[in-house]
């Protein structure tokens, strides 16, 4: 989570009357109301990625994967069991902040071109975010917010670093169009990537093995060696013949409940 996003969460929590959410590294603080794992100016990608490309990042910056490891450590300290952790995650809200704007900013301000960032950085950033989302859903998380990057072409540090005498370089708000076009490109690709895992699981069985659809009538769900998907809530079909509980609940909520209301029925 980014510092910008953590401040948003703190303000939103206060507005709704919720108790303060504490930083993970804060000493002697209660985490019963939520935890923030953000560190200022942290990127998505690991430090070694930037070092190999001659890019310096602050010594205190923490990558998204390291923040995920902190999250796992925290869960081990508060959960009574794996099942308890899954239940906690299923009833929690997780926000992955817009820290990828830091990755882009570090690269641009240290000599990397927009085209290079678009080609060599954006795909890695997005893949890392998707991998983290998949890991969280596999652990039981059901509500994850992944916001797009901020329009850093409007940020003073970018405008100062890249002044231009060409009025066409700026949009109507005085922001650098080329940088914000890069951010828009990244946000669009991220949105497409986030939607892709759901489509991949649409017609596959959660519990099953073999073939394109994880289904084999000779090796049915429950047979020795037949795996079960990490999170059935991400699937429509349980064993190739029956719907998952989540799919049934969604049908009941979106079809049956409205129909009952239409006919003035009570459940």
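In the working numbering, the protein residues as written are 1 to 267. Don't be surprised by glycine CBs; every beta carbon is placed ideally from N, CA and C. All values reported here derive from a predicted model rather than from experimental measurement.
**Prompt:** Which one of 129, 55, 65 has the shortest CA to CA distance from residue 112?
**Reply:** Closest option to residue 112, Cα to Cα, is 55.
**Message:** Taking the alpha-carbon of residue 191 as reference, which of 208, 123, 88, 239 has the nearest alpha-carbon?
**Reply:** Out of 208, 123, 88, 239, 123 has the C-alpha closest to the C-alpha of residue 191.
**Item:** Closest Cα partner of residue 183 within the set 68, 40, 114, 94
**Value:** Sorting 68, 40, 114, 94 by C-alpha distance to the C-alpha of residue 183 places 114 at the top.
**Message:** Going by DSSP, what residue range makes up the alpha helix (DSSP H) through residue 70?
**Reply:** DSSP places residue 70 in the uninterrupted alpha helix (DSSP H) bounded by 64-78.
**Request:** Determine, using beta carbons only, whether residue 85 and residue 96 come nearer to each other than 7 Å.
**Result:** For residue 85 and residue 96, no; Cβs fall outside 7 Å.
**Message:** Applying the 10 Å Cβ sphere with the 16-neighbour rule, what's the burial state of residue 253?
**Reply:** Under the 10 Å beta carbon count, residue 253 is surrounded by fewer than 16 other beta carbons and is classified as exposed.
**Message:** Distance check for residue 202 and residue 127, CA to CA, integer angstroms please.
**Reply:** One C-alpha to the other measures close to 21 Å.
**Asked** Taking Cβ positions, are residue 151 and residue 180 nearer each other than 7 Å?
**Response** Yes, the pair counts as a contact, with Cβ atoms nearer than the cut-off.
**Item:** Run of the alpha helix (DSSP H) containing residue 44, from where it starts to where it stops
**Value:** Neither: residue 44 is in no alpha helix (DSSP H) and is coded neither H nor E.
**Prompt:** Alpha carbon to alpha carbon, what distance is there between residue 120 and residue 162?
**Reply:** Per the coordinates, the alpha-carbon of residue 162 lies some 21 Å from the alpha-carbon of residue 120.
**Request:** State the Cα-Cα distance for the pair residue 232 and residue 170, rounded to the nearest angstrom.
**Result:** Distance between the alpha carbons of residue 232 and residue 170 is about 48 Å.
**Asked** Looking at the structure shown, is residue 179 part of a helix, part of a strand, or coil, going by DSSP?
**Response** Helix at residue 179.
**Item:** Stretch-stretch touch, CB-based, cutoff 8 Å, three pairs: the region 212-222 with the region 127-143
**Value:** Taking one beta carbon from each stretch, the region 212-222 and the region 127-143 have fewer than 3 pairs nearer than 8 Å; the two do not touch.
**Request:** Give the DSSP bridge partners of residue 207, in chain order.
**Result:** DSSP lists 228 as the bridge partner or partners of residue 207.
**Request:** Could you work out which residue in 42, 177, 208 is closest to residue 66 when comparing CA atoms only?
**Result:** Nearest to residue 66 by alpha-carbon distance, out of 42, 177, 208, is 42.
**Asked** If you draw a straight line from the alpha carbon of residue 285 to that of residue 79, how long is it in whole angstroms?
**Response** The question about residue 285 has no answer, for the chain in this structure spans 1 to 267.
**Request:** Note down, in chain order, each residue of its chain lying with its Cβ closer than 6 Å to the Cβ of residue 140, except the 5 sequence neighbours on either side.
**Result:** Excluding positions up to five away in sequence, the list reads 86, 89, 90.
**Asked** Hey, quick one: how far does the alpha helix (DSSP H) through residue 131 stretch, first residue to last?
**Response** For residue 131, the enclosing alpha helix (DSSP H) covers residues 122-138.
**Asked** Would the C-beta of residue 97 count as close to the ligand SAH, meaning under 6 Å from any of its heavy atoms?
**Response** Inclusion of the ligand SAH in the displayed structure is not the case, the ligand content being empty and no account of it being possible.
**Message:** Let me confirm a value: residue 208 is counted as buried when at least 16 other C-beta atoms fall within 10 Å, else exposed. Which label applies?
**Reply:** By the beta-carbon neighbour count (other beta carbons within 10 angstroms, threshold 16), residue 208 is buried.
**Request:** Rounded to whole angstroms, what's the CA-CA distance from residue 147 to residue 98? Just pull it up for me.
**Result:** Distance between the alpha carbons of residue 147 and residue 98: 6 Å.
**Asked** Out of 235, 157, 196, which has the shortest C-alpha to C-alpha gap to residue 214?
**Response** Here the closest residue by C-alpha is 235.
**Asked** Comparing alpha-carbon positions, which option in 165, 174, 35 lies nearest residue 77?
**Response** Residue 35 holds the alpha-carbon nearest to the alpha-carbon of residue 77 among 165, 174, 35.
**Asked** Got a sec? Which residues, its chain only, sit under 7 Å from residue 173 by beta carbon, not counting five neighbours each side?
**Response** Closer than 7 Å at Cβ, skipping near neighbours: 154.
**Request:** Return the CA-CA distance between residue 211 and residue 204, expressed in angstroms with no decimal places.
**Result:** In this structure, the alpha-carbon of residue 211 lies about 10 Å from that of residue 204.
**Request:** Classify residue 157 as buried or exposed, calling it buried when 16 or more other Cβ atoms lie within 10 Å of its own Cβ.
**Result:** Exposed, since its Cβ has fewer than 16 Cβ neighbours within 10 Å.
**Request:** Take residue 135 and list the residues in its own chain whose beta-carbon comes closer than 8 Å to its own, dropping the five residues that flank it on each side.
**Result:** Cβ within range, chain order: 68.
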